[in-house]
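Here the structure is laid out as structure tokens; the discussion comes afterwards.
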Amino acid sequence: MRYNKNMNLEKKQTVINKLSCIVKSGHLPCRGNASYPLGEARRLANCLVHACFNLSNKELLSTFNIDDARNLYPFPTSTPNQILDDIISVLKATGLEVRKYNSGEILRNNEWRVAFYLTEITEENHGEFDYHFLLQEKNGLWTDKRGSRRIPDCRDYLPTKIYSLYSDYYLKELLVLTNPYAPEN
105 MRYNKNMNLE
115 KKQTVINKLS
125 CIVKSGHLPC
135 RGNASYPLGE
145 ARRLANCLVH
155 ACFNLSNKEL
165 LSTFNIDDAR
175 NLYPFPTSTP
185 NQILDDIISV
195 LKATGLEVRK
205 YNSGEILRNN
215 EWRVAFYLTE
225 ITEENHGEFD
235 YHFLLQEKNG
245 LWTDKRGSRR
255 IPDCRDYLPT
265 KIYSLYSDYY
275 LKELLVLTNP
285 YAPEN
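Numbering of the sequence shown is given in our numbering, commencing with residue 105 and proceeding in unit increments.
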């Protein structure tokens, strides 16, 4: 997902407030590999929303409008080293808890694992960086949503590198997200 330098902070807070209402309702990832909506509405979800919130089409369409789609990239940072901290701050502002994954850790019902990827800054990508997220579904498969594609990609393994036409993404961190408003068991 491309980093957006010109994000309006008021619009960012509106999106965070909408996501916070969903989190506080006890929402847990549940979409599986369902296709996203047709037309412009498919832009309401990006890799971050897919992996970290995993909203159903009904939740996306009833909660967000097309203008919100431009504001789902709320990370006003200038360095790739800071981007994950900025993303975690936004996730926590919605009510989610975030921690690093410990190998072999058993997750509770109100937790899910996401993988954070980052491109390297190179001449080919003109010094810009991009990030990407994958979600581990309850069945163990890893899914992600790329750009405006409707159907999430599905893998039975966690790649250390994701190949892209523009830049390759490298696995940087495994995180556990917890919705404290959802039942643990």
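Note that CB positions come from ideal geometry on N, CA and C, so glycine has one too.
The structure displayed is predicted, hence computed values, not measured ones.
Among the residues of its own chain, which have a CB less than 6 Å from the CB of residue i, if the five just before and after it don't count?
i, result
"Arg203", "Val280"
"Lys122", "Thr167"
"Arg250", "none"
"His236", "Cys151, Tyr221, Tyr273"
"Arg135", "Asn158, Ser160"
"Asp311", "Here the chain has residues from 105 to 289 only, and residue 311 is not among them."
"Ser139", "Arg254, Ile255"
Grab me the residues of residue i's own chain with a C-beta within less than 7 Å of its C-beta, minus the 5 sequence neighbours each way, in chain order.
i, result
"Thr198", "Ile120, Leu123, Ser124, Val127"
"Pro256", "Asn137, His154, Thr247, Asp248, Lys249"
Would you list the residues sitting across from residue i in a DSSP beta bridge?
i, result
"Val194", "In the DSSP output, where bridge partners are listed per residue, Val194 has none listed."
"Leu211", "DSSP output for Leu211 lists no bridge partner at all."
"Cys125", "According to DSSP, which records beta bridges pairwise, Cys125 is partnered with nothing at all."
"Cys258", "Thr247"
"Lys204", "Leu279"
"Ile266", "Tyr273"
Output the distance between the C-alpha atoms of residue i and residue j, rounded to the nearest integer angstrom.
i, j, result
"Glu215", "Tyr261", "19 Å"
"Glu290", "Asn289", "Since the first residue of the chain shown is 105 and the last is 289, residue 290 is not available in this structure."
"Pro141", "Asp234", "24 Å"
"Ala219", "Leu278", "5 Å"
"Asn161", "Leu148", "10 Å"
"Asn213", "Glu114", "33 Å"
"Tyr193", "Gly143", "Reading off the sequence shown, one finds Ser at residue 193, where the question assumed Tyr. If I take the Cα positions, the gap works out to 31 Å."
"Arg217", "Asn206", "11 Å"
"Asn283", "Leu159", "14 Å"
"Asp290", "Thr183", "Summary: the structure shown does not reach residue 290, with the chain confined to residues 105 through 289, and so no result is reported for it."
"Leu165", "Cys258", "23 Å"
"Lys242", "Gly208", "15 Å"
"Tyr285", "Ile170", "28 Å"
Could you pull out every residue in the same chain whose Cβ sits closer than 8 Å to the Cβ of residue i, ignoring the five residues on either side in sequence?
i, result
"Leu195", "Cys156, Val202, Leu281"
"Lys265", "Asp272, Tyr273, Tyr274, Leu275"
"Pro287", "Gly130, Asn213, Asn214"
"Gly244", "Asp260"
"Leu211", "Arg217, Val280"
Measure the beta-carbon distance from residue i to residue j and round it to whole angstroms, keeping in mind my assumption that it falls under 8 Å.
i, j, result
"Pro290", "Leu239", "Nothing can be reported for residue 290: it is not among the residues displayed for the chain, which extend from 105 to 289."
Check: Is it true that the segment 266-280 meets the segment 209-227, where meeting means three or more beta-carbon pairs spaced less than 8 Å apart?
Finding: Put simply, the segment 266-280 touches the segment 209-227. At least three CB pairs are less than 8 Å apart.
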